[in-house]
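Numbering (this note's numbering), first residue to last: 65 to 503.
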(Lines of atoms letter the chains of each structure in order from A and count residues from 1; the text may use other names and numbers.)
(Lines give C-alpha, C1' and ligand atoms only; values in the text may rest on other atoms or scores of the structure.)
Protein backbone atom coordinates (compact mmCIF):
# COMPACT_ATOMS: atom_id res chain seq x y z
CA UNK A 1 0.00 0.00 0.00
CA UNK A 2 1.17 3.53 -0.75
CA UNK A 3 2.21 5.45 2.34
CA UNK A 4 0.94 8.72 0.88
CA UNK A 5 -2.61 7.45 0.31
CA UNK A 6 -5.43 9.10 2.21
CA UNK A 7 -6.90 7.66 5.38
CA UNK A 8 -10.34 6.10 5.02
CA UNK A 9 -13.38 6.10 7.30
CA UNK A 10 -11.33 4.45 10.06
CA UNK A 11 -9.02 7.53 10.09
CA UNK A 12 -5.95 5.26 10.26
CA UNK A 13 -3.13 6.52 8.00
CA UNK A 14 -1.39 3.91 5.89
CA UNK A 15 2.00 5.16 7.06
CA UNK A 16 1.04 4.42 10.68
CA UNK A 17 0.31 0.77 9.91
CA UNK A 18 3.35 0.37 7.70
CA UNK A 19 5.93 2.00 9.97
CA UNK A 20 4.68 1.09 13.46
CA UNK A 21 8.12 -0.03 14.60
CA UNK A 22 10.05 0.20 17.87
CA UNK A 23 13.63 -0.64 18.74
CA UNK A 24 13.92 -4.05 20.30
CA UNK A 25 16.76 -6.02 21.82
CA UNK A 26 20.06 -5.30 20.10
CA UNK A 27 18.71 -2.21 18.38
CA UNK A 28 16.69 -4.14 15.78
CA UNK A 29 13.46 -2.44 14.76
CA UNK A 30 10.38 -4.60 15.29
CA UNK A 31 6.93 -4.05 13.81
CA UNK A 32 4.60 -3.95 16.81
CA UNK A 33 1.38 -4.36 14.79
CA UNK A 34 2.52 -7.21 12.56
CA UNK A 35 1.56 -10.12 14.87
CA UNK A 36 -1.83 -8.58 15.61
CA UNK A 37 -2.58 -7.83 11.95
CA UNK A 38 -1.55 -11.33 10.88
CA UNK A 39 -3.83 -12.92 13.48
CA UNK A 40 -6.69 -10.60 12.52
CA UNK A 41 -6.44 -11.32 8.79
CA UNK A 42 -6.04 -15.05 9.43
CA UNK A 43 -9.26 -15.09 11.47
CA UNK A 44 -11.13 -13.13 8.77
CA UNK A 45 -9.97 -15.54 6.06
CA UNK A 46 -10.79 -18.61 8.14
CA UNK A 47 -14.26 -17.36 9.07
CA UNK A 48 -14.91 -15.82 5.65
CA UNK A 49 -16.17 -12.59 7.25
CA UNK A 50 -14.88 -9.08 7.91
CA UNK A 51 -16.22 -6.32 10.21
CA UNK A 52 -19.06 -4.28 8.72
CA UNK A 53 -17.11 -1.08 9.36
CA UNK A 54 -14.49 -2.20 6.82
CA UNK A 55 -17.11 -2.33 4.09
CA UNK A 56 -17.80 1.41 4.09
CA UNK A 57 -15.87 3.64 1.66
CA UNK A 58 -15.89 7.39 1.08
CA UNK A 59 -16.59 8.74 -2.40
CA UNK A 60 -15.29 12.16 -3.44
CA UNK A 61 -16.25 13.73 -6.80
CA UNK A 62 -13.37 14.98 -8.96
CA UNK A 63 -14.24 17.21 -11.92
CA UNK A 64 -12.61 16.09 -15.17
CA UNK A 65 -13.72 18.65 -17.75
CA UNK A 66 -16.81 20.25 -19.25
CA UNK A 67 -20.00 21.49 -17.64
CA UNK A 68 -19.79 21.59 -13.85
CA UNK A 69 -23.49 20.76 -13.60
CA UNK A 70 -23.19 17.56 -15.64
CA UNK A 71 -22.67 14.55 -13.31
CA UNK A 72 -21.05 12.65 -16.18
CA UNK A 73 -18.10 15.07 -16.10
CA UNK A 74 -17.01 13.89 -12.66
CA UNK A 75 -14.87 10.96 -11.60
CA UNK A 76 -15.66 9.46 -8.21
CA UNK A 77 -12.62 8.63 -6.09
CA UNK A 78 -13.21 6.01 -3.42
CA UNK A 79 -11.15 5.64 -0.25
CA UNK A 80 -11.66 2.52 1.86
CA UNK A 81 -10.42 1.95 5.38
CA UNK A 82 -6.74 1.14 5.79
CA UNK A 83 -7.38 -2.29 7.31
CA UNK A 84 -9.80 -3.18 4.52
CA UNK A 85 -7.20 -2.30 1.87
CA UNK A 86 -4.63 -4.43 3.67
CA UNK A 87 -7.07 -7.35 3.79
CA UNK A 88 -8.09 -6.88 0.14
CA UNK A 89 -4.44 -6.94 -0.94
CA UNK A 90 -3.98 -10.27 0.84
CA UNK A 91 -7.08 -11.69 -0.88
CA UNK A 92 -5.85 -10.33 -4.22
CA UNK A 93 -2.50 -12.07 -3.72
CA UNK A 94 -4.25 -15.38 -3.02
CA UNK A 95 -6.58 -14.98 -5.99
CA UNK A 96 -3.73 -13.97 -8.30
CA UNK A 97 -1.74 -17.08 -7.38
CA UNK A 98 -4.79 -19.23 -8.12
CA UNK A 99 -5.41 -17.43 -11.42
CA UNK A 100 -1.80 -17.83 -12.55
CA UNK A 101 -1.61 -21.49 -11.54
CA UNK A 102 -4.82 -22.33 -13.40
CA UNK A 103 -4.45 -19.97 -16.38
CA UNK A 104 -7.71 -18.14 -15.66
CA UNK A 105 -6.69 -14.78 -17.14
CA UNK A 106 -6.17 -14.96 -20.93
CA UNK A 107 -2.88 -13.99 -22.58
CA UNK A 108 -4.63 -11.11 -24.31
CA UNK A 109 -5.39 -9.35 -20.99
CA UNK A 110 -2.43 -7.19 -19.92
CA UNK A 111 -3.93 -5.08 -17.16
CA UNK A 112 -3.07 -5.40 -13.45
CA UNK A 113 -1.51 -8.85 -13.74
CA UNK A 114 1.96 -10.14 -12.77
CA UNK A 115 4.68 -9.40 -15.36
CA UNK A 116 2.26 -7.55 -17.64
CA UNK A 117 2.07 -3.81 -18.32
CA UNK A 118 0.98 -1.19 -20.85
CA UNK A 119 4.08 -1.62 -23.02
CA UNK A 120 3.16 -5.16 -24.05
CA UNK A 121 -0.20 -4.49 -25.77
CA UNK A 122 1.33 -1.46 -27.50
CA UNK A 123 4.21 -3.67 -28.67
CA UNK A 124 1.73 -6.25 -30.01
CA UNK A 125 -0.15 -3.55 -31.91
CA UNK A 126 3.02 -2.10 -33.39
CA UNK A 127 4.22 -5.58 -34.41
CA UNK A 128 0.97 -6.30 -36.23
CA UNK A 129 1.16 -2.95 -38.03
CA UNK A 130 4.77 -3.64 -39.06
CA UNK A 131 3.90 -7.16 -40.21
CA UNK A 132 1.09 -5.82 -42.42
CA UNK A 133 3.50 -3.38 -44.06
CA UNK A 134 5.61 -6.28 -45.35
CA UNK A 135 2.66 -7.58 -47.34
CA UNK A 136 1.62 -5.82 -50.52
CA UNK A 137 -1.64 -4.02 -49.79
CA UNK A 138 -1.56 -5.17 -46.17
CA UNK A 139 -3.89 -3.45 -43.74
CA UNK A 140 -4.68 -3.62 -40.05
CA UNK A 141 -8.23 -2.70 -39.09
CA UNK A 142 -8.30 -1.73 -35.41
CA UNK A 143 -11.40 -0.85 -33.39
CA UNK A 144 -10.64 0.81 -30.05
CA UNK A 145 -13.58 0.10 -27.77
CA UNK A 146 -14.54 2.16 -24.74
CA UNK A 147 -16.96 0.63 -22.24
CA UNK A 148 -19.22 3.03 -20.35
CA UNK A 149 -18.47 2.77 -16.63
CA UNK A 150 -17.36 -0.82 -17.10
CA UNK A 151 -16.53 -1.53 -13.45
CA UNK A 152 -19.79 0.01 -12.24
CA UNK A 153 -21.94 -2.04 -14.62
CA UNK A 154 -20.75 -5.50 -13.61
CA UNK A 155 -23.75 -7.54 -12.49
CA UNK A 156 -22.74 -9.08 -9.18
CA UNK A 157 -25.00 -12.10 -9.58
CA UNK A 158 -23.43 -12.87 -12.95
CA UNK A 159 -19.98 -12.30 -11.47
CA UNK A 160 -20.50 -14.84 -8.67
CA UNK A 161 -21.97 -17.37 -11.11
CA UNK A 162 -19.07 -16.83 -13.50
CA UNK A 163 -16.44 -17.27 -10.78
CA UNK A 164 -18.16 -20.41 -9.54
CA UNK A 165 -18.45 -21.77 -13.08
CA UNK A 166 -14.75 -21.28 -13.75
CA UNK A 167 -13.86 -23.40 -10.73
CA UNK A 168 -12.87 -20.86 -8.08
CA UNK A 169 -12.48 -22.65 -4.72
CA UNK A 170 -15.61 -22.27 -2.61
CA UNK A 171 -13.80 -20.83 0.47
CA UNK A 172 -12.12 -18.15 -1.66
CA UNK A 173 -15.40 -17.28 -3.38
CA UNK A 174 -17.12 -17.04 0.01
CA UNK A 175 -14.45 -14.60 1.21
CA UNK A 176 -14.97 -12.37 -1.82
CA UNK A 177 -18.76 -12.47 -1.62
CA UNK A 178 -18.65 -11.45 2.04
CA UNK A 179 -16.57 -8.39 1.11
CA UNK A 180 -19.52 -7.31 -1.06
CA UNK A 181 -22.29 -8.20 1.38
CA UNK A 182 -23.56 -5.03 3.01
CA UNK A 183 -20.97 -2.74 1.41
CA UNK A 184 -21.80 0.97 1.33
CA UNK A 185 -20.50 4.35 0.18
CA UNK A 186 -20.57 7.78 1.79
CA UNK A 187 -20.47 10.67 -0.68
CA UNK A 188 -18.20 13.44 0.65
CA UNK A 189 -17.81 16.90 -0.90
CA UNK A 190 -15.87 19.20 1.39
CA UNK A 191 -17.88 19.45 4.59
CA UNK A 192 -20.99 17.96 2.98
CA UNK A 193 -21.84 14.31 3.51
CA UNK A 194 -24.61 11.98 2.49
CA UNK A 195 -25.93 8.98 4.33
CA UNK A 196 -24.71 5.52 3.45
CA UNK A 197 -25.56 4.38 -0.08
CA UNK A 198 -25.77 0.63 -0.76
CA UNK A 199 -24.71 -0.21 -4.35
CA UNK A 200 -26.67 -2.92 -6.14
CA UNK A 201 -24.12 -3.70 -8.84
CA UNK A 202 -20.54 -3.11 -9.95
CA UNK A 203 -17.19 -4.09 -8.49
CA UNK A 204 -16.09 -1.91 -5.60
CA UNK A 205 -14.53 1.48 -6.27
CA UNK A 206 -11.04 1.91 -4.86
CA UNK A 207 -10.69 -1.76 -3.93
CA UNK A 208 -7.34 -3.43 -4.81
CA UNK A 209 -9.24 -6.58 -5.78
CA UNK A 210 -11.55 -4.95 -8.35
CA UNK A 211 -9.25 -4.98 -11.44
CA UNK A 212 -8.60 -8.71 -11.03
CA UNK A 213 -12.29 -9.47 -10.51
CA UNK A 214 -13.11 -7.57 -13.70
CA UNK A 215 -10.42 -9.44 -15.64
CA UNK A 216 -11.85 -12.76 -14.44
CA UNK A 217 -15.37 -11.62 -15.31
CA UNK A 218 -14.18 -10.88 -18.86
CA UNK A 219 -11.95 -13.94 -19.29
CA UNK A 220 -14.42 -15.61 -21.67
CA UNK A 221 -14.09 -12.79 -24.21
CA UNK A 222 -11.75 -14.88 -26.40
CA UNK A 223 -14.63 -17.24 -27.19
CA UNK A 224 -16.36 -14.41 -29.05
CA UNK A 225 -13.29 -13.18 -30.94
CA UNK A 226 -11.71 -16.19 -32.68
CA UNK A 227 -8.07 -15.72 -33.69
CA UNK A 228 -8.90 -16.88 -37.24
CA UNK A 229 -10.48 -13.47 -37.87
CA UNK A 230 -7.63 -11.50 -36.33
CA UNK A 231 -4.75 -9.50 -37.80
CA UNK A 232 -1.83 -11.49 -39.20
CA UNK A 233 1.44 -11.51 -37.27
CA UNK A 234 4.92 -11.98 -38.73
CA UNK A 235 5.06 -15.58 -37.51
CA UNK A 236 3.31 -17.96 -39.93
CA UNK A 237 -0.11 -19.06 -38.75
CA UNK A 238 -0.30 -16.58 -35.86
CA UNK A 239 -3.21 -14.13 -35.78
CA UNK A 240 -4.41 -11.76 -33.07
CA UNK A 241 -8.08 -10.77 -32.89
CA UNK A 242 -8.06 -8.67 -29.72
CA UNK A 243 -5.94 -7.23 -26.93
CA UNK A 244 -7.09 -5.81 -23.61
CA UNK A 245 -5.73 -3.61 -20.86
CA UNK A 246 -8.22 -3.76 -17.98
CA UNK A 247 -11.45 -2.50 -19.61
CA UNK A 248 -9.75 -1.10 -22.75
CA UNK A 249 -10.54 -3.50 -25.60
CA UNK A 250 -8.99 -3.36 -29.07
CA UNK A 251 -10.35 -5.53 -31.89
CA UNK A 252 -7.91 -6.34 -34.71
CA UNK A 253 -8.39 -7.76 -38.20
CA UNK A 254 -6.67 -7.85 -41.59
CA UNK A 255 -9.89 -7.31 -43.54
CA UNK A 256 -12.80 -4.95 -43.14
CA UNK A 257 -15.44 -7.69 -43.16
CA UNK A 258 -13.54 -9.59 -40.46
CA UNK A 259 -13.49 -6.52 -38.20
CA UNK A 260 -17.21 -6.03 -38.76
CA UNK A 261 -17.79 -9.66 -37.76
CA UNK A 262 -15.83 -9.05 -34.55
CA UNK A 263 -17.92 -5.94 -33.85
CA UNK A 264 -21.09 -7.98 -34.30
CA UNK A 265 -19.80 -10.49 -31.78
CA UNK A 266 -18.89 -7.66 -29.40
CA UNK A 267 -22.44 -6.32 -29.55
CA UNK A 268 -23.76 -9.74 -28.56
CA UNK A 269 -21.11 -10.22 -25.87
CA UNK A 270 -21.76 -6.84 -24.25
CA UNK A 271 -25.49 -7.58 -24.17
CA UNK A 272 -24.96 -10.96 -22.52
CA UNK A 273 -22.57 -9.50 -19.93
CA UNK A 274 -24.74 -6.47 -19.18
CA UNK A 275 -22.03 -4.05 -20.35
CA UNK A 276 -22.53 -0.91 -22.43
CA UNK A 277 -20.18 0.36 -25.14
CA UNK A 278 -19.62 4.12 -25.35
CA UNK A 279 -20.06 4.51 -29.10
CA UNK A 280 -19.09 8.18 -28.98
CA UNK A 281 -15.60 7.34 -27.69
CA UNK A 282 -15.08 4.09 -29.61
CA UNK A 283 -13.19 4.62 -32.86
CA UNK A 284 -11.73 2.71 -35.81
CA UNK A 285 -8.25 3.23 -37.23
CA UNK A 286 -7.19 1.61 -40.52
CA UNK A 287 -3.41 1.30 -40.66
CA UNK A 288 -1.62 1.74 -44.03
CA UNK A 289 -4.77 3.07 -45.68
CA UNK A 290 -4.34 5.55 -48.53
CA UNK A 291 -6.28 8.69 -49.36
CA UNK A 292 -7.78 7.00 -52.40
CA UNK A 293 -8.94 3.98 -50.40
CA UNK A 294 -12.64 3.71 -49.74
CA UNK A 295 -12.98 2.77 -46.09
CA UNK A 296 -16.30 1.05 -45.38
CA UNK A 297 -18.57 2.11 -42.55
CA UNK A 298 -18.26 0.06 -39.38
CA UNK A 299 -21.23 -0.42 -37.11
CA UNK A 300 -21.75 -1.62 -33.58
CA UNK A 301 -25.36 -2.59 -33.37
CA UNK A 302 -27.37 0.34 -34.72
CA UNK A 303 -24.54 2.86 -34.28
CA UNK A 304 -21.79 3.82 -36.72
CA UNK A 305 -18.23 4.07 -35.40
CA UNK A 306 -16.04 7.02 -36.33
CA UNK A 307 -13.01 6.26 -38.53
CA UNK A 308 -10.01 8.38 -37.48
CA UNK A 309 -6.48 9.01 -38.76
CA UNK A 310 -4.85 8.90 -35.31
CA UNK A 311 -5.65 7.34 -31.94
CA UNK A 312 -3.99 7.74 -28.56
CA UNK A 313 -3.72 4.19 -27.26
CA UNK A 314 -2.58 3.78 -23.64
CA UNK A 315 -0.80 7.12 -23.82
CA UNK A 316 1.00 6.65 -27.17
CA UNK A 317 -0.31 8.11 -30.42
CA UNK A 318 -0.70 5.66 -33.31
CA UNK A 319 -1.07 7.07 -36.83
CA UNK A 320 -2.75 5.37 -39.79
CA UNK A 321 0.54 5.56 -41.70
CA UNK A 322 2.08 3.18 -39.16
CA UNK A 323 5.01 5.56 -38.64
CA UNK A 324 6.09 5.95 -35.03
CA UNK A 325 7.53 9.42 -35.67
CA UNK A 326 4.10 10.84 -34.80
CA UNK A 327 4.29 9.18 -31.38
CA UNK A 328 7.84 10.46 -30.91
CA UNK A 329 6.79 14.04 -31.66
CA UNK A 330 3.85 13.70 -29.29
CA UNK A 331 6.24 12.57 -26.53
CA UNK A 332 7.80 16.05 -26.63
CA UNK A 333 4.64 17.46 -25.01
CA UNK A 334 4.97 15.71 -21.64
CA UNK A 335 8.70 16.44 -21.75
CA UNK A 336 8.01 20.16 -22.14
CA UNK A 337 5.43 19.93 -19.34
CA UNK A 338 8.14 18.39 -17.15
CA UNK A 339 10.57 21.16 -18.08
CA UNK A 340 7.97 23.79 -17.15
CA UNK A 341 7.56 22.07 -13.79
CA UNK A 342 11.34 22.17 -13.31
CA UNK A 343 11.36 25.89 -14.12
CA UNK A 344 8.59 26.53 -11.60
CA UNK A 345 10.35 24.58 -8.86
CA UNK A 346 13.65 26.31 -9.60
CA UNK A 347 11.95 29.70 -9.44
CA UNK A 348 10.24 28.78 -6.19
CA UNK A 349 13.51 27.71 -4.54
CA UNK A 350 15.64 30.46 -6.14
CA UNK A 351 18.05 28.12 -7.95
CA UNK A 352 17.54 29.28 -11.53
CA UNK A 353 21.15 30.52 -11.58
CA UNK A 354 22.56 27.18 -10.39
CA UNK A 355 23.01 24.80 -13.34
CA UNK A 356 23.76 21.75 -11.19
CA UNK A 357 20.49 22.21 -9.27
CA UNK A 358 18.50 22.75 -12.48
CA UNK A 359 19.97 19.60 -14.03
CA UNK A 360 19.24 17.58 -10.89
CA UNK A 361 15.62 18.75 -10.96
CA UNK A 362 15.40 17.80 -14.62
CA UNK A 363 16.73 14.29 -13.98
CA UNK A 364 14.27 13.84 -11.12
CA UNK A 365 11.11 15.46 -12.51
CA UNK A 366 11.52 16.25 -16.21
CA UNK A 367 13.26 13.40 -18.02
CA UNK A 368 10.53 10.81 -17.43
CA UNK A 369 8.13 12.93 -19.49
CA UNK A 370 10.10 12.14 -22.66
CA UNK A 371 10.51 8.47 -21.83
CA UNK A 372 7.00 7.02 -21.74
CA UNK A 373 6.48 4.55 -24.55
CA UNK A 374 10.08 4.87 -25.79
CA UNK A 375 10.26 1.07 -25.91
CA UNK A 376 7.68 1.26 -28.70
CA UNK A 377 8.46 4.38 -30.74
CA UNK A 378 12.22 4.99 -30.30
CA UNK A 379 13.67 1.98 -32.13
CA UNK A 380 13.67 3.73 -35.51
CA UNK A 381 15.73 6.58 -34.09
CA UNK A 382 18.14 4.18 -32.37
CA UNK A 383 18.73 2.35 -35.66
CA UNK A 384 19.39 5.60 -37.55
CA UNK A 385 21.45 8.16 -35.57
CA UNK A 386 20.94 10.74 -38.33
CA UNK A 387 17.26 11.03 -37.42
CA UNK A 388 16.85 13.66 -34.70
CA UNK A 389 13.45 13.54 -32.96
CA UNK A 390 11.77 16.53 -31.37
CA UNK A 391 12.30 15.14 -27.87
CA UNK A 392 16.07 15.12 -28.44
CA UNK A 393 16.06 18.73 -29.63
CA UNK A 394 13.94 19.89 -26.68
CA UNK A 395 16.30 18.15 -24.25
CA UNK A 396 19.37 19.79 -25.77
CA UNK A 397 17.60 23.14 -25.86
CA UNK A 398 16.97 22.92 -22.12
CA UNK A 399 20.61 22.04 -21.38
CA UNK A 400 21.94 24.96 -23.42
CA UNK A 401 19.45 27.32 -21.81
CA UNK A 402 20.62 26.22 -18.36
CA UNK A 403 24.23 26.84 -19.42
CA UNK A 404 23.15 30.19 -20.88
CA UNK A 405 24.91 29.54 -24.17
CA UNK A 406 23.72 29.87 -27.74
CA UNK A 407 21.65 27.09 -29.27
CA UNK A 408 24.32 26.78 -31.97
CA UNK A 409 26.88 25.46 -29.46
CA UNK A 410 28.10 21.96 -30.32
CA UNK A 411 25.85 19.30 -28.84
CA UNK A 412 28.68 17.10 -27.55
CA UNK A 413 30.32 20.08 -25.85
CA UNK A 414 27.07 20.93 -24.01
CA UNK A 415 26.53 17.34 -22.91
CA UNK A 416 30.13 16.98 -21.78
CA UNK A 417 30.06 20.24 -19.85
CA UNK A 418 26.95 19.23 -17.90
CA UNK A 419 27.77 15.55 -17.52
CA UNK A 420 24.47 14.70 -19.18
CA UNK A 421 23.73 11.76 -21.46
CA UNK A 422 21.71 12.11 -24.67
CA UNK A 423 18.12 10.89 -24.36
CA UNK A 424 18.95 8.16 -26.89
CA UNK A 425 20.93 6.46 -24.15
CA UNK A 426 17.87 6.29 -21.89
CA UNK A 427 15.74 5.08 -24.80
CA UNK A 428 18.25 2.34 -25.59
CA UNK A 429 18.36 1.26 -21.95
CA UNK A 430 14.56 1.07 -21.75
CA UNK A 431 14.37 -0.92 -25.00
CA UNK A 432 16.98 -3.43 -23.77
CA UNK A 433 15.21 -3.85 -20.43
CA UNK A 434 11.89 -4.35 -22.18
CA UNK A 435 13.41 -6.92 -24.53
CA UNK A 436 15.03 -8.83 -21.65
CA UNK A 437 11.72 -8.87 -19.79
CA UNK A 438 9.93 -10.20 -22.87
CA UNK A 439 12.34 -13.05 -23.58
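Quick reminder that beta carbons are idealized off the backbone N, C-alpha and C, glycines included.
- Residue 217 has its alpha-carbon roughly 27 Å from the corresponding atom of residue 186.
- CA-CA distance, residue 255 to residue 480, rounds to 55 Å.
- Approximately 16 Å separates the beta-carbon atoms of residue 195 and residue 314; this is outside 8 Å, ruling out the contact.
- Residue 273 and residue 451 have their C-alpha atoms roughly 45 Å apart.
- The beta carbon of residue 260 lies closer than 8 Å to those of 120, 248, 249 and 250 in the same chain, with the five residues before and after it left out.
- Within the same chain, and ignoring the five residues on either side of residue 380 in sequence, the residues whose Cβ sits closer than 7 Å to its Cβ are 186, 391, 437, 440 and 441.
- Contact annotation: residue 482 and residue 423 have beta-carbon atoms nearer than 9 Å.
- Excluding its 5 nearest sequence neighbours in each direction, residue 222 has C-beta neighbours in its own chain below 8 Å: 281, 337 and 338, listed in chain order.
- Among the bridge pairs identified by DSSP, residue 250 is matched with 122 and 260.
- Counting only the Cα atoms, residue 143 lies some 7 Å from residue 70.
- Residue 306: member of the beta strand (DSSP E) spanning 306-309, first to last residue.
- Taking C-beta atoms under 8 Å as the contact rule, residue 154 and residue 76 fail to qualify, at a distance of about 17 Å.
- Under the DSSP assignment, residue 228 falls outside any beta strand (DSSP E), being part of the alpha helix (DSSP H) whose first and last residues are 220-229.
- The beta carbons of residue 489 and residue 431 sit about 11 Å from each other, so the pair does not count as a contact at 8 Å.
- For residue 116, the number of other beta carbons within 10 angstroms of its own is below 16, and it is reported as exposed.
- Per DSSP, reduced to three states, the secondary structure at residue 78 is helical.
- Annotation: residue 159 to residue 317 spans about 33 Å, alpha carbon to alpha carbon.
- Around the beta carbon of residue 388, a 10 Å sphere encloses 16 or more other beta carbons of the protein chains shown; the residue is thus reported as buried.
- Residue 144 is bridged by DSSP to 121.
- Below 8 Å, enough C-beta pairs join the region 164-183 and the region 303-313 to call them touching: three or more.
- Below 8 Å, too few C-beta pairs join the region 364-383 and the region 222-232 to call them touching: fewer than three.
- Cβ-Cβ distances below 6 Å link residue 331 to 364 and 365 in the same chain, with the five nearest sequence neighbours on each side left out; the list follows chain order.
- In this chain, the alpha helix (DSSP H) harbouring residue 405 covers 389-412.
- The C-beta distance from residue 203 to residue 353 rounds to 6 Å, short enough to fall under 8 Å.
- For residue 395, the CB contacts under 6 Å within the same chain, skipping 5 residues up- and downstream, are 434 and 455 in chain order.
- If you compare the alpha carbons of 300, 448 and 294 with that of residue 322, the shortest gap goes to 294.
- The three-state secondary structure of residue 333, taken from DSSP, is helix.
- In the structure shown, the three-state DSSP call for residue 503 is coil.
- Distance from the Cα of residue 215 is smallest, within the candidate group 242, 425, 271 and 233, for 271.
- In this structure, residue 340 places its C-beta atom within 9 Å of the C-beta atom of residue 211.
- In the DSSP assignment, residue 341 is bridged to 211.
- Under the three-state reduction of DSSP output, residue 425 falls in the helix class.
- Judged by DSSP in its simplified three-state form, residue 107 adopts helix.
- DSSP lists 304 as the bridge partner or partners of residue 295.
- By the Cβ neighbour-count rule, residue 152 is buried, with 16 or more other Cβ atoms within 10 Å of its own.
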